[in-house]
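Here is the structure we will look at.
There are 4 protein chains.
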Amino acid sequence: MISVGILNVSGYIGAETARILRRHPNVKVTSVTGRSAAGKPLSETYPHLAAYDLDVVEEVGDVDVIISALPHAAGAPALLPLIDKGVPIVDHTADFRLKSVTEFESWYKVTHPRPELLQQAIYGLTELHRKEIPGSKLVAAPGCFPTGSVLALAPAWREGLIGPDIIVDSKTGISGAGRSADVRYNFNELDGNVVPYALGGHRHMPEMTQELSALCESPAPRISFVPHMVPMPRGILTTCYASLAEGRESTTIEQLREMYEEAYAGEPFVRVVSTPPETKQTLGSNLCLIYVTLDHRTNRPIVVSALDNLVKGGAGQGVQDMNLMLGLPETAGLDDIGVYP
Amino acid sequence: MISVGILNVSGYIGAETARILRRHPNVKVTSVTGRSAAGKPLSETYPHLAAYDLDVVEEVGDVDVIISALPHAAGAPALLPLIDKGVPIVDHTADFRLKSVTEFESWYKVTHPRPELLQQAIYGLTELHRKEIPGSKLVAAPGCFPTGSVLALAPAWREGLIGPDIIVDSKTGISGAGRSADVRYNFNELDGNVVPYALGGHRHMPEMTQELSALCESPAPRISFVPHMVPMPRGILTTCYASLAEGRESTTIEQLREMYEEAYAGEPFVRVVSTPPETKQTLGSNLCLIYVTLDHRTNRPIVVSALDNLVKGGAGQGVQDMNLMLGLPETAGLDDIGVYP
Amino acid sequence: MISVGILNVSGYIGAETARILRRHPNVKVTSVTGRSAAGKPLSETYPHLAAYDLDVVEEVGDVDVIISALPHAAGAPALLPLIDKGVPIVDHTADFRLKSVTEFESWYKVTHPRPELLQQAIYGLTELHRKEIPGSKLVAAPGCFPTGSVLALAPAWREGLIGPDIIVDSKTGISGAGRSADVRYNFNELDGNVVPYALGGHRHMPEMTQELSALCESPAPRISFVPHMVPMPRGILTTCYASLAEGRESTTIEQLREMYEEAYAGEPFVRVVSTPPETKQTLGSNLCLIYVTLDHRTNRPIVVSALDNLVKGGAGQGVQDMNLMLGLPETAGLDDIGVYP
Amino acid sequence: MISVGILNVSGYIGAETARILRRHPNVKVTSVTGRSAAGKPLSETYPHLAAYDLDVVEEVGDVDVIISALPHAAGAPALLPLIDKGVPIVDHTADFRLKSVTEFESWYKVTHPRPELLQQAIYGLTELHRKEIPGSKLVAAPGCFPTGSVLALAPAWREGLIGPDIIVDSKTGISGAGRSADVRYNFNELDGNVVPYALGGHRHMPEMTQELSALCESPAPRISFVPHMVPMPRGILTTCYASLAEGRESTTIEQLREMYEEAYAGEPFVRVVSTPPETKQTLGSNLCLIYVTLDHRTNRPIVVSALDNLVKGGAGQGVQDMNLMLGLPETAGLDDIGVYP
């Protein structure tokens with residue numbers, strides 16, 4: 001068995017990675033780190049992980065591969081020595097997602113500790129970067145919102161079918177905010193509530209722009225992105241609104257659907273569906289469901305995607321990346337059926 | 001006391017009307033109708049209404065004013081004789097909302113029983129039609145989605161500040177679907193779920209178009225509207241995305257906000273807020289909260305509104321209409337503070 | 001208008017008091033205090049209270065009556081001078097609920113700052129202490145759990161119908177834990193979850209024992225009380241299990257129900273219902289619903305009560321107390337219909 | 001691979017069986033039946049099961065083993081011929097759970113079609129009947145409530161440690177009511193609500209009595225059982241209250257815990273925990289968590305259990321039974337880590 005270390009198992013992404021790997025046929029979690037939980041059994045932090053019988057430690061020790069769920073920026077100091085040692089790493093922060101250090105520093109308000117790594121790291125959205133991952137030692141798992149929106153937009157955007165004016169409206173479960181002791185995430189404040197946020201700009205936006213631009217350089221996409229918290233722990237539903245590009249106005253709904261079906265044919269975890277998807281259909285699974293239609297009154301393409309933010313939008317995508325890095329079957333350990341209802 | 005009859009108290013809008021009127025200083029509910037519940041105490045259908053000590057009846061009897069929460073189309077036969085008798089009526093169906101019989105018949109797939117009434121009926125969005133309501137005998141209370149979206153868009157649209165390409169993305173609680181025995185609204189299917197629907201077109205869309213067009217005839221608005229069910233009983237949050245109109249591109253965020261504050265200054269139930277509103281801030285109250293901003297990266301105006309679909313988007317708006325019809329204080333019986341948390 | 005000051009409006013009980021008093025015909029909230037929020041508009045702490053247009057202050061100033069929602073023990077220093085001044089006070093802490101200073105100190109682990117006040121303060125469960133409240137200057141509003149359980153048990157206990165072995169199993173919404181920044185109350189941890197707690201003893205237990213003992217001194221009740229958090233903000237459902245007392249084993253279910261109906265006949269806010277009550281039937285109202293039955297297989301009386309912990313189990317009960325203290329109609333400002341659904 | 005047929009895949013237990021078996025290493029679902037869904041792809045009934053690529057059929061056809069999730073009583077006619085053919089069957093109805101035909105008929109109000117099978121069928125609570133299952137062709141999977149309560153009570157009851165007066169108070173998610181088109185299970189009616197039901201007697205009660213009596217014949221247990229719906233799809237938390245039996249009053253909490261730990265030592269899916277369990281810790285897993293304590297004020301043992309009603313209280317227990325019947329590893333295909341949060 002290949003040994004895996006999980007950095008910062010105390011967060012939801014770390015814990016979810018542990019859950020998923022429990023049934024992975026080729027790897028075994030042998031070390032889990034955490035700051036405040038160090039020295040205690042993992043089951044004290046997360047009773048649902050009691051089957052593991054592992055203690056949380058401060059330093060990861062020797063492992064074959066690392067999945068890091070450390071917080072943004074703060075995590076880099078711990079990660080850099082491991083990168084230097086050449087241990088294969090899947091990193092869940094934004095530290096290595098953006099290719100432009102300027103973009104990174106302007107959105108995250110920190111100086112990047114090692115900008116040269118930005119070009120080496122692979123953006124781990126498997127469906128777009130499958131071929132680059134196997135040879136890499138550092139994969140930056142994508143943000144939860146970019147996963148759903150880029151997968152929703154890529155097929156039409158790549159073909160120049162849609163113009164650059166794009167609205168991305170996301171509805172997310174609360175686990176995206178982490179296991180936080182903040183009154184804003186108190187149950188009472190969020191149950192029965194819809195909360196729009198980050199209207200001045202969300203850090204996941206530059207990932208969307210970067211990935212679309214990489215598919216089709218010109219024109220530059222002009223995305224407005226507004227995320228909304230909805231009262232559920234998991235799941236992101238993203239509704240993308242675009243316009244048909246100049247010269248492509250006669251595209252039919254059938255052509256659109258066919259384009260999407262072809263784009264994702266054979267993908268193990270992206271499914272183009274014929275009725276609007278619901279987040280709950282993906283709960284606990286690594287699936288991203290995509291529905292595309294054309295608003296016949298305005299001729300606007302509308303694409304809806306649904307996924308579990310902690311799986312395909314988080315820990316599951318990370319395991320998919322790890323599988324590719326290690327030469328394992330891409331689907332190993334990953335579910336294609338969610339827990340419903 | 002003025003006597004009020006509620007038609008179809010069995011639905012959520014009817015029941016909510018009864019709740020609100022319980023504390024109205026000038027009117028008293030003296031008759032409530034229902035089909036299957038007829039002959040039984042109201043408390044059997046709705047235990048929370050037990051304070052009323054009324055039986056549900058089949059026919060409304062003599063009352064001074066009627067609030068009808070009958071279902072679309074099916075309700076008209078019961079309502080027409082009452083209209084003919086000249087009883088003041090607030091109607092919660094779509095039967096009298098649209099001015100164009102063609103639009104009505106194409107969206108609702110029924111022949112209108114009395115098209116000439118469409119011109120006489122007043123669309124009861126108080127903030128836009130306040131002056132027309134007092135003289136009217138028939139007010140069509142607006143749909144829940146148009147209430148939030150038209151109030152969000154009206155100030156900018158009326159001034160020609162935004163262009164005709166508009167995206168309306170709504171997140172609604174489940175009570176909008178009524179007290180329905182349908183597996184789609186079963187608790188298990190919706191809890192922890194976001195469900196987009198009506199992507200082929202929602203019946204509330206023509207109301208939005210009609211009301212915006214009435215404010216500013218040209219150009220015709222081109223709205224894409226997608227509603228999403230989110231796991232909560234009440235509340236609608238609507239996010240509207242537009243573009244600055246040609247020639248208005250230099251509008252600043254401050255100008256936008258000022259325009260909105262002026263537009264709704266003095267309104268008892270529309271509040272322009274300086275931080276993004278949340279649906280739960282309006283629960284049980286007749287408020288509609290509106291937030292306007294400008295996405296500085298794309299220069300797109302984004303307007304967010306929040307309301308309780310059963311109050312300002314339903315029964316509360318109906319009572320506000322009734323107050324105006326009867327010459328009572330517009331705010332009588334209506335709350336400006338919601339139940340939180 | 002009588003002026004009211006609310007101490008610690010930042011907590012849910014304080015905020016709920018403000019909501020309720022907004023429509024009270026005889027009193028007006030003129031001063032609201034808070035620690036961290038002092039100097040800021042109330043709407044910043046609670047946007048749903050924006051209609052108030054009040055700033056939070058540090059010191060309450062001159063008011064005719066005070067409702068205190070300060071935290072247990074910590075609040076006493078602020079309250080004592082006001083008590084000494086003779087301002088009528090409704091206090092929502094446990095500081096003045098228990099008659100026995102020993103009991104208080106053993107459960108709350110603090111020295112009571114003024115034990116002699118314990119005998120002067122009235123336990124503000126209106127249905128049991130209605131006559132003592134008008135003459136009092138200090139009313140201790142009951143805990144949320146004792147309200148539901150004592151009202152459920154009192155009629156049978158007072159008559160000696162049930163024996164001393166009593167199980168009280170409560171299911172509570174999360175607002176009982178307050179507006180807390182604690183990861184245990186994070187939305188993700190509680191949504192979709194049932195969490196039993198305080199199995200070693202809950203501080204509301206001695207209130208139950210005290211109030212039952214006051215009704216019928218012997219035998220001493222032997223209560224096991226287990227509260228459980230369920231995923232909703234408001235509401236407590238309490239299921240009480242007892243045995244028929246020796247010599248009363250032939251009591252019929254009809255006799256039981258009659259006893260309860262008589263006990264609460266004429267009560268404006270306690271309703272004995274003929275089908276099991278649900279918490280949501282009371283949301284936002286001051287009602288406590290009670291259902292009594294006899295398990296015919298075991299001959300055990302089972303009594304179920306439902307209420308809104310922030311209203312009849314909190315702020316609403318406090319207003320009811322205040323009304324009685326001030327000689328106002330007991331029901332003034334209080335709703336007998338909840339917000340449903 | 002062993003072929004499995006699922007009868008009535010349209011219900012939640014059927015669908016959950018399909019989900020679980022998707023990753024079972026030794027068996028493969030080859031046939032799924034349903035009435036109204038017959039002839040359509042399984043993904044139309046349950047989009048989350050789309051990975052299966054199976055059509056729903058009317059008749060199960062040839063399979064090696066059957067898991068039946070047909071409704072009570074109605075299902076027997078379809079099942080009897082298969083029983084006669086000797087196909088190994090795990091049945092999720094109550095049809096074969098009770099040994100006494102009188103009890104069955106009095107609770108279920110139908111004549112049993114084949115009473116002699118009641119003695120042959122094994123009650124599939126693995127922890128109590130592990131040895132009887134391998135040789136059986138007909139296993140009756142237990143009800144969801146008896147699973148949690150019998151596992152909670154068995155260790156103390158078997159040893160005569162607790163007396164016969166037992167209170168079982170359960171809090172259940174809504175999926176226990178099935179995928180029902182009934183207004184009582186409409187989202188709006190249940191969200192934010194606690195609903196006690198079956199106070200006159202619940203059909204799962206005789207299973208509890210039967211199983212406890214089988215462990216210790218005398219005295220007969222006198223159980224009062226009240227289930228409550230709480231607003232979540234999955235999970236049952238059961239709180240059991242008992243008394244120490246005569247002569248055992250000096251039992252300590254340490255002795256109690258030791259007794260429980262010994263009773264379940266080595267059990268793969270029952271875990272005796274040292275802090276009160278929460279339902280969400282079991283979501284999607286086959287675990288039953290048990291916590292035992294002694295209320296030191298009253299000397300009453302209190303036992304709390306938590307499980308996922310669709311897994312250990314349903315489909316998961318059924319797969320555990322199937323594994324034993326077929327001589328497979330008992331844990332095959334079953335998770336010991338839940339989906340959290």
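Read top to bottom, the protein sequences are chains W, R, C and U.
So that you can map any letter, position 77 of the first sequence is 77 in my numbering, and since no number is skipped, the others follow by simple counting.
So that you can map any letter, position 291 of the second sequence is 291 in my numbering, and since no number is skipped, the others follow by simple counting.
So that you can map any letter, position 169 of the third sequence is 169 in my numbering, and since no number is skipped, the others follow by simple counting.
So that you can map any letter, position 170 of the fourth sequence is 170 in my numbering, and since no number is skipped, the others follow by simple counting.
Virtual Cβ for every residue (Gly too), placed ideally from N, Cα, C.
For the candidate residues the options, whose alpha-carbon lies nearest to that of residue i?
i                     : options                       : result
residue 364 (chain C) : C:78, C:190, C:215 and C:61   : Nothing about residue 364 (chain C) can be read from this structure; chain C reaches only from 1 to 341.
residue 264 (chain R) : R:12, R:287 and R:11          : R:287
residue 279 (chain C) : C:233, C:327 and C:308        : C:308
residue 116 (chain C) : C:142, C:83 and C:133         : C:83
residue 245 (chain W) : W:36, W:99 and W:218          : W:218
residue 134 (chain R) : R:109, R:90, R:102 and R:25   : R:90
residue 303 (chain U) : U:255, U:168, U:220 and U:332 : U:168
residue 163 (chain R) : R:301, R:334, R:106 and R:323 : R:301
residue 36 (chain C)  : C:7, C:203 and C:98           : C:7
Does any CB atom of chain R fall closer than 9 Å to the CB of residue i?
i                     : result
residue 187 (chain U) : yes
residue 174 (chain U) : yes
residue 179 (chain U) : yes
residue 48 (chain C)  : yes
Expressed to the nearest angstrom, what Euclidean distance is found between the alpha-carbon atoms of residue i and residue j?
i                     : j                     : result
residue 60 (chain U)  : residue 20 (chain U)  : 19 Å
residue 177 (chain R) : residue 185 (chain R) : 8 Å
residue 312 (chain C) : residue 128 (chain U) : 46 Å
residue 146 (chain U) : residue 325 (chain U) : 21 Å
residue 197 (chain R) : residue 227 (chain R) : 6 Å
residue 15 (chain C)  : residue 234 (chain C) : 14 Å
residue 294 (chain U) : residue 208 (chain U) : 22 Å
residue 119 (chain U) : residue 62 (chain W)  : 57 Å
residue 299 (chain U) : residue 216 (chain U) : 22 Å
residue 337 (chain C) : residue 51 (chain R)  : 7 Å
residue 192 (chain W) : residue 24 (chain U)  : 38 Å
residue 183 (chain U) : residue 183 (chain R) : 9 Å
So what's residue i in DSSP terms, helix, strand or just coil?
i                     : result
residue 237 (chain U) : strand
residue 337 (chain W) : coil
residue 55 (chain C)  : strand
residue 64 (chain W)  : coil
residue 41 (chain U)  : strand
residue 263 (chain U) : helix
residue 46 (chain W)  : coil
residue 33 (chain R)  : strand
residue 22 (chain U)  : coil
residue 319 (chain C) : helix
residue 84 (chain U)  : helix
Can you find a C-beta in chain C that's less than 9 Å from the C-beta of residue i?
i                     : result
residue 282 (chain R) : yes
Is residue i close to chain W? Criterion is C-beta to C-beta, closer than 9 Å.
i                     : result
residue 227 (chain C) : no
residue 339 (chain U) : yes
Next item on the list: Identify every run of the alpha helix (DSSP H) within the segment 157-232 of chain C, keeping only runs that are complete inside it and at least 4 residues long; order them along the chain.
Entry: 187-190 and 205-215
Check your understanding: Which parts of the segment 89-153 of chain C are runs of the alpha helix (DSSP H), unbroken and 4 residues or longer, counting only runs that do not cross its ends?
Key -> 101-108, 117-120 and 126-129
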